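> Numbered according to my numbering, the sequence shown spans residues 6 to 292. We treat Cβ as the ideally placed atom computed from N, Cα and C, and that holds for glycine. Keep in mind that this is a model prediction, so the values were computed, not measured. Take this structure, written in structure tokens, and hold onto it; I'll ask about it next.
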Amino acid sequence: MNRNALTVSGLTKKYGEFTLSDISFEVPRGTITGLIGENGAGKSTTLNSILGLIHKDEGNISILGTPIEEVTPEIRQKIGVVFDGTNFSEELTPKKLNKVLKGIYGSWDEEYFFVLLEKLSLPVTKKIKSFSKGMKAKLSIAVAFAHHPKLLILDEATSGLDPIVRDDILDMFLEFVQDEENSILVSSHITSDLEKVADYIVFIYEGRLIFSKPKDELLENYGIVKCGMAQFDLIDQQDIIAYRKQDYEWQVLVADRNSAEKKYPNALVIPATIDEIMLLYVKGENS
């Protein structure tokens with residue numbers, strides 16, 4: 006069996022002056038992969054291409070071991086999708102929505118759906134149009150889980166939720182992938198969430214893939230060297246991924262924090278968060 010729930014190879018899509026260029030990454034089964042990048046970087050284009058909502062120009066995409074061109078309705082039922090906002094009729098209540106979805110998904114689990122509604126504190130008989138943005142996000146997540154997908158694709162699914170509810174949702178994500186056949190690809194601006202749950206991080210910037218790496222490798226190895234001008238001039242150019250000047254301090258992103266601590270004992274070397282790694286790539290300069 007193919008051990009990847011999703012394989013993207015050489016994905017390219019041109020939109021006017023914007024080009025998503027040669028994007029390649031994998032989502033192994035039983036894992037959570039976080040997709041990061043600023044607005045306009047190409048995350049949504051990537052997700053829409055994976056879901057077949059737009060036609061790619063080049064590259065190959067395989068979902069649950071099947072090339073995207075050969076994906077059947079039966080395979081599509083194994084994909085759960087949550088975008089920012091809902092696509093459900095605002096006049097429906099969750100109770101009526103359940104009846105609609107029972108007729109769409111062969112694997113729809115009515116009992117589990119109502120358990121999720123209760124867990125997420127969602128009213129069963131109120132119309133969706135009365136829901137807040139956060140409530141709509143929770144409803145979308147409940148729907149995605151209730152038809153027992155093998156692959157969840159989430160686009161800013163937790164962006165409208167408060168920290169406590171987000172934490173509950175993240176626990177649901179972790180529980181979902183405990184079955185090593187289930188997998189998640191989640192695009193999010195909330196990188197702290199990804200630090201909690203993601204196994205891999207895919208970073209896209211201006212339509213290009215910057216890296217696709219295990220999260221632990223990023224957090225354990227990457228670092229930021231903080232120093233003055235004199236020390237900055239002594240740093241080996243090959244060690245510098247990106248840098249920027251902050252008031253009287255230079256911040257330098259390096260891929261090997263332990264090595265930097267030994268090479269530059271007069272500088273402060275600290276661990277880098279995913280947010281800081283992305284920020285220095287985007288806002289900093291390359292050596």
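So, is residue 251 buried or exposed, given that buried needs 16 or more other C-beta atoms within 10 angstroms?
By the neighbour-count rule (16 or more Cβ atoms within 10 Å), residue 251 is not buried but exposed.
> Going by DSSP in three states, residue 202 sits in which element: helix, strand or coil?
Three-state DSSP puts residue 202 in a helix.
> To the nearest angstrom, report how far apart residue 227 and residue 280 are at their CA atoms.
If you take the alpha carbons of residue 227 and residue 280, they lie about 12 Å apart.
> At what residue ranges does the stretch 71-128 contain a whole run of the beta strand (DSSP E), taking only runs of 3 or more?
List check, beta strand (DSSP E) in window: 84-87.
> What number of angstroms, rounded off, separates the C-alpha of residue 32 from the C-alpha of residue 211?
In a straight line, the C-alpha of residue 32 is about 22 Å away from that of residue 211.
> My parser needs the alpha helix (DSSP H) runs of 4 or more residues fully inside the stretch 157-207; what are they?
168-181 and 196-202, all fully within the stretch 157-207.
> Using beta-carbon positions only, say whether residue 10 and residue 156 come within less than 7 Å of one another.
Contact flag set, yes.
> Checking 7 Å against the spacing of the C-beta atoms, do residue 13 and residue 68 come in under that value?
No, these two residues do not count as a Cβ contact at 7 Å.
> DSSP state of residue 49, grouped into three classes?
Residue state, collapsed to three classes: helix.
> Hey, out of 34, 161 and 224, whose CA is closest to residue 195's CA?
Here the closest residue by C-alpha is 161.
> The alpha helix (DSSP H) that contains residue 260, what's its start and end?
That residue, residue 260, is in no alpha helix (DSSP H); it is neither H nor E in DSSP.
> Considering only DSSP beta bridges, list what residue 30 is partnered with.
13.
> Please state whether DSSP places residue 37 in a helix, a strand or coil.
If DSSP states are grouped into helix, strand and coil, residue 37 belongs with the strands.
> Along the alpha helix (DSSP H) that carries residue 281, what are the first and last residues, could you check?
Element bounds for residue 281: 279-288.
> Among residues of its own chain, excluding the 5 on either side of residue 249, which ones have a beta-carbon nearer than 7 Å to its beta-carbon?
Closer than 7 Å at the Cβ level, and outside the excluded window around residue 249, lie 256, 285, 288, 289 and 290.
> Is residue 228 helix, strand or coil when you go by DSSP?
If DSSP states are grouped into helix, strand and coil, residue 228 belongs with the strands.
> With a Cβ-Cβ cutoff of 7 Å, do residue 147 and residue 125 count as a contact?
Going by C-beta atoms, residue 147 is nearer than 7 Å to residue 125.
> Please check the pair residue 133 and residue 95, which I expect to be a contact at CB under 8 Å, by giving their CB distance rounded to whole angstroms.
Correct: roughly 5 Å between the Cβ atoms.
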